[in-house]
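Using this note's numbering, read the sequence shown as starting at 2 and increasing by one per residue.
Positions of the beta carbon are idealized from the N, C-alpha and C atoms, including for glycine.
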Amino acid sequence: MAGHSVDEYLETIYFLAFPIGEYRPSTGSTAIAARVAEMLRVTRASAGEMLKRLEAEGLVERGEQKEAILTPAGIERAKGVVRKHRIIERFLTDFMGYTAAESHVHADVLGDTFTDEMIERINERLGQPDRCPHGWPVDTDVEQQENTQLVALAELEPGLPAEIVRLAEHDGELLHWFYDEGYVPGTSVQVRGAQPAAGQLTVTVGGDERAIAERAAEGIYVRAE
Numbered sequence: 002m003a004g005h006s007v008d009e010y011l012e013t014i015y016f017l018a019f020p021i022g023e024y025r026p027s028t029g030s031t032a033i034a035a036r037v038a039e040m041l042r043v044t045r046a047s048a049g050e051m052l053k054r055l056e057a058e059g060l061v062e063r064g065e066q067k068e069a070i071l072t073p074a075g076i077e078r079a080k081g082v083v084r085k086h087r088i089i090e091r092f093l094t095d096f097m098g099y100t101a102a103e104s105h106v107h108a109d110v111l112g113d114t115f116t117d118e119m120i121e122r123i124n125e126r127l128g129q130p131d132r133c134p135h136g137w138p139v140d141t142d143v144e145q146q147e148n149t150q151l152v153a154l155a156e157l158e159p160g161l162p163a164e165i166v167r168l169a170e171h172d173g174e175l176l177h178w179f180y181d182e183g184y185v186p187g188t189s190v191q192v193r194g195a196q197p198a199a200g201q202l203t204v205t206v207g208g209d210e211r212a213i214a215e216r217a218a219e220g221i222y223v224r225a226e
C-alpha cells in the first residue's frame with residue numbers, strides 16, 4: 002500500500018529505534034530502507050525517498066553506517082504520533098465498540114483528524130488509560146523501560162511459562178489473526194518445541210497446544226513468569 006504519511010514513517014522508524022529485547026541493529030541505508038519498506042509494504046525505493054525527505058526536514062539523520070537515526074526533533078514527533086495512535090485505538094474500542102484488531106486500521110486513517118487538544122480531551126474522558134488495546138503503553142517512556150523485560154515468543158526458551166504482553170501492529174491481517182487464534186494480551190503461553198525446518202513452533206496458549214509460524218511468533222511479545 003502506497004501513500005503513507007510522514008507520521009506513519011516516523012512511527013515505523015520509532016519501532017525500529019526502540020526495539021523489544023536484545024537490540025540487533027540493521028546497519029546501512031539499504032538495510033534500514035528495507036526494514037521500513039517491509040513493515041509499511043511499500044517498495045524500497047519509496048522508503049528511501051521518504052527517508053531522504055525526513056532527513057531534509059531535520060527529523061532523521063544518517064549514522065556512521067548511513068543508517069537512519071531519529072533526531073531529537075524526530076523522536077519527540079514520533080513519540081507524539083505513537084501516543085496519539087494508541088489513545089485513538091482506545092477511543093475506538095472503549096467508546097465506539099470496534100474490536101481491538103479493527104481499531105488499529107481505523108486509527109491509522111483517523112490520525113490526522115484529531116487535534117492535539119482533542120486527543121487530550123479523549124484521554125481524560127477515557128480515564129487516562131495505561132495501554133492501547135494491543136498492550137502497548139500509552140506513555141512512550143514506560144514503553145521503552147518495559148522493552149528490556151520482554152522477548153518475542155519466537156525467542157522464548159522452550160518450557161518457560163510466560164504471559165503475552167503486547168502484539169505487533171504493523172501487519173493488520175496478522176493482528177486480526179492473533180485475536181482470532183486467542184493470542185491476546187494477558188494470556189498464558191509456553192513454547193513446547195521448535196521445528197526450524199518447517200519454520201514453526203509448537204506452543205500452548207491458554208492451555209491449548211497448537212502450531213504457530215515463526216514469523217507470527219516474532220510479533221507476539223511476552224514476559225517470562
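Short Cβ contact (8 Å threshold) for residue i with residue j
| i | j | result |
| --- | --- | --- |
| Thr141 | Arg63 | no |
| Glu9 | Asp109 | yes |
| Ala48 | Ala38 | yes |
| Val166 | Gly136 | yes |
| Ala79 | Leu168 | no |
| Val204 | Val190 | yes |
| Pro134 | Ser104 | yes |
| Gly220 | Leu175 | yes |
| Leu60 | Gly75 | yes |
| Gln201 | Ile213 | yes |
| Arg42 | Gln150 | no |
Reduced DSSP category for residue i - H, G, I as helix; E, B as strand; rest coil
| i | result |
| --- | --- |
| Thr114 | coil |
| Ile21 | coil |
| Ser47 | helix |
| Val83 | helix |
| Tyr180 | helix |
| Ser104 | helix |
| Ala169 | coil |
| Tyr222 | strand |
| Glu164 | strand |
| Pro138 | strand |
| Arg132 | strand |
For residue i, the nearest candidate out of the options (CA to CA)
| i | options | result |
| --- | --- | --- |
| Arg126 | Arg91, Pro197, Ala195, Gln66 | Arg91 |
| Met40 | Val61, His5, Glu65, Ala74 | His5 |
| Ala198 | Arg211, Val43, Glu215, Tyr15 | Glu215 |
| Arg132 | Asp117, Thr116, Asp95, Ala218 | Asp95 |
| Val192 | Lys67, Pro162, Ala46, Tyr15 | Pro162 |
Residue i: first and last residue of the uninterrupted alpha helix (DSSP H) it sits in
| i | result |
| --- | --- |
| Glu58 | Run containing Glu58: none; DSSP gives neither H nor E here. |
| Thr141 | 141-148 |
Integer Cβ distance of residue i from residue j, believed to fall under 8 Å
| i | j | result |
| --- | --- | --- |
| Leu52 | Ala69 | 5 Å |
| Phe19 | Asn124 | Actually they do not touch by this definition, with Cβ atoms about 21 Å apart. |
| Tyr222 | Ala153 | 6 Å |
Delimiting residues of the beta strand (DSSP E) encompassing residue i
| i | result |
| --- | --- |
| Asp209 | 209-214 |
| Glu65 | Where Glu65 is concerned, there is no enclosing beta strand (DSSP E), given that its DSSP letter is neither H nor E. |
| Val206 | 201-206 |
| Ala195 | 189-196 |
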